[in-house]
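Just below is one structure, and these are the notes that go with it.
Number of protein chains: 2
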Amino acid sequence: MREALVAAAFRLFLERGYEQTTVDDIVALAGVGRRSFFRYFPSKEDVVFPDHERCLSDMQAFLARSPEDADPVRRVCDAARLVLRMYAENPAFSVQRYHLTKKVPGLRAYELSVVWRYERALAEYLRGRLGGRPDGILRADVIAAAVVAAHNNALRSWLRSDGRDDAGAAVDHALAYAQSAFGDVPVPPRGTSPEDVVVVAARRGTPLWQVLREIEDAFARD
Amino acid sequence: MREALVAAAFRLFLERGYEQTTVDDIVALAGVGRRSFFRYFPSKEDVVFPDHERCLSDMQAFLARSPEDADPVRRVCDAARLVLRMYAENPAFSVQRYHLTKKVPGLRAYELSVVWRYERALAEYLRGRLGGRPDGILRADVIAAAVVAAHNNALRSWLRSDGRDDAGAAVDHALAYAQSAFGDVPVPPRGTSPEDVVVVAARRGTPLWQVLREIEDAFARD
DNA sequence: TCCATTCGCTGCACTGAGTGCCACCTGCCT
DNA sequence: AGGCAGGTGGCACTCAGTGCAGCGAATGGA
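Protein chains in written order, with the working numbering: chain V, 1 to 222; chain C, 1001 to 1222.
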């Protein structure tokens, strides 16, 4: 029944537009009662994003079962990849939805609130991991935002290609950039005394992220 | 008339809640016709954010008149400070609105779309400045998101303090962190040969942003 | 086999946001 | 005086979303 409603809704949305389609039109096409629509979808917008609720739960579960010693930044990047996977499971559907949300302001606003919930999930996890350190909460929020922005950048360019590009590679590349900007910040240097000194040498003109990767490696090396 | 409507709306919102207040209640208290409300505010939510439209225009104008040689990251940080200034102009009002949006999901969603427009303005400016460089668009989006997240983190903690903390200092600190994560990435080293080498030494355990600042300074030094 | 309870579905009536239309009134120009 | 333009109010309408009551089918027990 959910599937029937989603199918009917998308047929009409693509045919005559989102705002030009009423809930009555959808239920008439699906052959169900109007009241049942709102039993399955709390609002008309929800029918456009039928699987995000499940994906959000998956992400929360994924973060909850993180090993204690995992690199938090890498972990939230992996969590973000769950969203990509959901989009990639159904490329045609995702591309249709993308074109829909791009032109309907109401749907864009709704999508923002969905993205916001993903971002909060990542930020909450990071707050738990970085909470004690100086500016831990600030860092958690900023890293979550950067990871989400990188993910969405790659996701959108994949959607713009109508699902032809390699989504996985694009997201990997984007997340690598976000990760490089924040490095292994939260991992405390284990078993080092503050007298230890790390020296990094770089040519001028080297992209900063390469320099950062060197620093990261230097700090990671025992 | 705008002011009268905003005043009446907030009195009722604080008194009996946002959802329990109808537009009819507002216009009755303000003594104007219902139709006039929607002439000034396209939706009920807009009356809660009466000055964001103006602030967004200010930000766009500010970015448009940026000098060519300005550091783009610093520039978007300064642009973000315009938003803080708007909040700080009317602390009592901002705090009331904060408590309102915190508990009403519909207003939170609306606020997200407002924040998104600020973020897009910053990202568009950065895209123009970084567009040519490798991953320019990705970097633009990620930096804009990080700056907005840092700003909002500081703004919210100021609002939670009921406007008692030093908002400017908190935002400066948060933006400095975001800036440090991305450094002077876009500024190409001027007049240097790739053979020049920069050496940075840091103690283990030093916060990464301090290390980054050293690098930044080292690169900036002729 | 028959009754009772429950659960999912439906129709109905209602509230409230948002819109289109027209009438009005006020100030202004000719 | 008579048009004219812009801000305003009133009215009726659409449509999303909700509360309520009825209805049928499946389940479960005697």
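Cβ atoms here follow ideal geometry from the backbone N, Cα and C, with glycine treated the same way.
So which of the options has the shortest CA-CA distance to residue i?
i       : options                            : result
V/I137  : C/R1108, C/A1174, C/I1137          : C/A1174
C/A1080 : C/L1056, C/R1164, C/T1101          : C/L1056
C/Y1125 : C/F1041, C/A1064, C/E1015          : C/A1064
V/D58   : V/D78, V/P42, V/S157               : V/D78
V/V48   : V/G128, V/Y18, V/Q179              : V/Y18
C/R1016 : C/R1129, C/V1095, C/K1103, C/D1069 : C/K1103
C/M1086 : C/H1151, C/F1182, C/G1128, C/M1001 : C/H1151
V/Q179  : V/L159, V/A149, V/P67              : V/A149
C/S1043 : C/A1088, C/G1031, C/Y1110          : C/Y1110
C/N1090 : C/G1132, C/V1147, C/W1158          : C/W1158
C/R1156 : C/D1025, C/F1037, C/V1171          : C/V1171
V/D69   : V/G128, V/T21, V/T101              : V/G128
Give me the Cα-Cα distance between residue i and residue j, rounded to the nearest whole angstrom.
i       : j       : result
C/Y1177 : V/R39   : 46 angstroms
V/P186  : C/P1072 : Confidence at V/P186 is low in this model, with a pLDDT of 37, below 50, so its placement is unreliable and no value can be given for it.
C/A1061 : C/E1053 : 12 angstroms
C/R1221 : V/R139  : Confidence in C/R1221 is poor, its pLDDT being 46 and thus under 50, which makes the residue's placement too unreliable to answer from.
C/H1288 : V/D166  : Here chain C has residues from 1001 to 1222 only, and residue 1288 of chain C is not among them.
C/R1097 : V/W116  : 20 angstroms
V/E3    : V/A9    : 10 angstroms
V/R108  : V/P50   : 15 angstroms
C/V1083 : C/I1143 : 17 angstroms
V/R75   : C/D1135 : 23 angstroms
C/V1006 : V/A92   : 45 angstroms
V/L14   : V/G106  : 16 angstroms
C/R1120 : C/V1114 : 10 angstroms
V/D162  : C/A1169 : 46 angstroms
V/E195  : V/L112  : With a pLDDT of 44 at V/E195, under the threshold of 50, the modelled position of this residue cannot be trusted; read the value that follows with caution. Roughly 46 angstroms separates the two Cα atoms.
C/R1034 : C/V1023 : 7 angstroms
C/A1030 : C/E1045 : 17 angstroms
V/A181  : C/L1012 : 46 angstroms
C/R1164 : C/V1095 : 10 angstroms
V/F37   : C/V1147 : 40 angstroms
C/D1141 : V/N153  : 7 angstroms
C/Q1020 : C/I1026 : 11 angstroms
C/Y1118 : V/A145  : 14 angstroms
V/P67   : C/A1088 : 42 angstroms
C/P1189 : V/L122  : For C/P1189, the pLDDT reaches just 41, beneath the cut-off of 50, and the residue's location in the model is therefore unreliable, although a value from the coordinates is still provided. Each residue's alpha carbon lies about 35 angstroms from the other.
C/E1041 : V/T101  : In the sequence as displayed, the identity of residue 1041 of chain C is Phe instead of Glu. Each residue's alpha carbon lies about 24 angstroms from the other.
C/M1001 : C/A1028 : 13 angstroms
V/G131  : C/G1132 : 38 angstroms
C/R1160 : C/V1032 : 34 angstroms
Provide the residue span of the alpha helix (DSSP H) that contains residue i, from first to last.
i       : result
C/R1075 : 1072–1089
C/Y1110 : 1105–1130
V/S157  : 136–160
V/D24   : 23–30
V/D172  : 167–182
V/Y40   : 34–40
C/R1011 : 1002–1016
C/Q1060 : 1052–1064
Consider the C-beta atom of residue i and the heavy atoms of the ligand PLP; say whether any pair is separated by less than 7 angstroms.
i      : result
V/R160 : This structure lacks the ligand PLP, and indeed carries no ligand of any kind.
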